[in-house]
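In the working numbering, the protein residues as written are 181 to 432. Beta carbons: idealized from backbone N, C-alpha and C, even for Gly.
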Amino acid sequence: MSIKDISDKLSKKIDKRLTAELLKEYRMTKRHHYLEDWEKSILHAGKFSEVTLAVIKSILDKEVVDINNIRFDPLYQSVSKRKRVSAEDELLTLAIPTTAKSIYNIRNKKRVAHVKAIDPDILDSQYCASACDWILAEFVMLYLRSNPKTTGAVLCSLVEKKVPFVEQFEDGSLLVLKEGMTFKEEFLVALYQLGGRVVERELTRVLKKYAQLIHTTARNLEKDRLVHINRQGVKLTRKGIKFVEDKLLSTH
Numbered sequence: 181m182s183i184k185d186i187s188d189k190l191s192k193k194i195d196k197r198l199t200a201e202l203l204k205e206y207r208m209t210k211r212h213h214y215l216e217d218w219e220k221s222i223l224h225a226g227k228f229s230e231v232t233l234a235v236i237k238s239i240l241d242k243e244v245v246d247i248n249n250i251r252f253d254p255l256y257q258s259v260s261k262r263k264r265v266s267a268e269d270e271l272l273t274l275a276i277p278t279t280a281k282s283i284y285n286i287r288n289k290k291r292v293a294h295v296k297a298i299d300p301d302i303l304d305s306q307y308c309a310s311a312c313d314w315i316l317a318e319f320v321m322l323y324l325r326s327n328p329k330t331t332g333a334v335l336c337s338l339v340e341k342k343v344p345f346v347e348q349f350e351d352g353s354l355l356v357l358k359e360g361m362t363f364k365e366e367f368l369v370a371l372y373q374l375g376g377r378v379v380e381r382e383l384t385r386v387l388k389k390y391a392q393l394i395h396t397t398a399r400n401l402e403k404d405r406l407v408h409i410n411r412q413g414v415k416l417t418r419k420g421i422k423f424v425e426d427k428l429l430s431t432h
């Protein structure tokens, strides 16, 4: 299911502009968490929590909330005091708002007592990203009528990286359609498209190149600190992700 399909289906129950804003803040939360930019991840999670309450208000009152003028506390009080008759009411007026408030409080809190050996932003970002997963999953299950397994695939599709000039075929192989790229650049783009850590054997299969070329290219890129290599495979570093996005995708 494409992001457009998800957006279109949710928009049948939720205001189209609110849907777009909710999905945008979700993607940004997950994106910055993946990049280990904890503060930005928490910031976008806080915005996601605000839009979440605006979405619930819109569903309950058939009234579109101005996304440029969201006041969290009054919205929270408004939706959380509603009468609960059904399981859907419990989700929309209690469970989801409570989770959204926990995210909002983390975004707003001052640094208080933490274990000094642990960066509190890492823990906060992990919680916020997971809480956003749960909230969006509940909306998807409610209004796309999805089962938990399908919902997981839907959430993955929201944060999946898509490179417009890469075509992926049914056997999993990739073809970089953009002309004039070096193999080093194609290698980086393939890692970006696949996401996460990929074993060299899989890169050999996907890129249809000799294993020695894959191995040599990976080692050279590691020297440039664009990838990290361990026994589990090859993964783009933050520097590598930035290189792909700034140098290879921005000129498309």
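Q | I162, DSSP secondary structure in three states | A | Nothing about residue 162 can be reported from this structure: the residues present for the chain run from 181 to 432 only.
Q: Check the DSSP bridge columns for Q348 and list the partner residues they point to.
A: Translated into the one-based positions of the sequence shown, residue 348 becomes position 168. According to DSSP, Q348 bridges with L354.
Q. Going by the CB atoms, is the gap between V379 and G352 shorter than 8 Å?
A. Walking along the sequence shown from the start, residue 352 turns up at place 172. Walking along the sequence shown from the start, residue 379 turns up at place 199. No, these two residues do not count as a Cβ contact at 8 Å.
Q: Pull up the distance between the alpha-carbon of P328 and that of A311, whole angstroms please.
A: Position 148 of the sequence shown holds residue 328. Position 131 of the sequence shown holds residue 311. Taking the straight line from one Cα to the other gives about 16 Å.
Q: Just confirm the distance between the C-beta atoms of L416 and L406, as a whole number of angstroms; I'd bet it's less than 8 Å.
A: Looking up residue 416 in the sequence shown gives position 236. Looking up residue 406 in the sequence shown gives position 226. With 8 Å as the limit, L416 and L406 qualify as a contact, their Cβ atoms being about 7 Å apart.
Q) So, helix, strand or coil for I416, using DSSP? A) Mapped onto the sequence shown, residue 416 falls at position 236. The residue asked about is misnamed: residue 416 is Leu in this sequence, not Ile. The answer is strand: DSSP assigns L416 an E or B state.
Q) Helix or strand or just coil, what does DSSP make of V320? A) The sequence position of residue 320 within the sequence shown is 140, counting from 1. Helix at V320.
Q.
Among the candidates E268, R207, P277, whose CA atom is the shortest distance from the CA of P254?
A. Working through the sequence shown from its first residue, we reach residue 254 at position 74. Answer by Cα proximity: P277.
Q: Indicate whether the contact test is met: 3 or more Cβ pairs, each with one atom in the stretch 206 to 217 and one in the stretch 237 to 248, closer than 8 Å.
A: no
**Q.** Environment of D195 [buried if 16+ CB atoms lie within 10 Å]
**A.** Taking the first residue of the sequence shown as position 1, residue 195 is located at position 15. With 16 or more Cβ atoms within 10 Å of its Cβ, D195 is classed as buried.
Q: Tell me, please, which residues DSSP counts as bridged to V378.
A: One-based indexing of the sequence shown puts residue 378 at position 198. Note: V378 sits in a beta bridge opposite V414.
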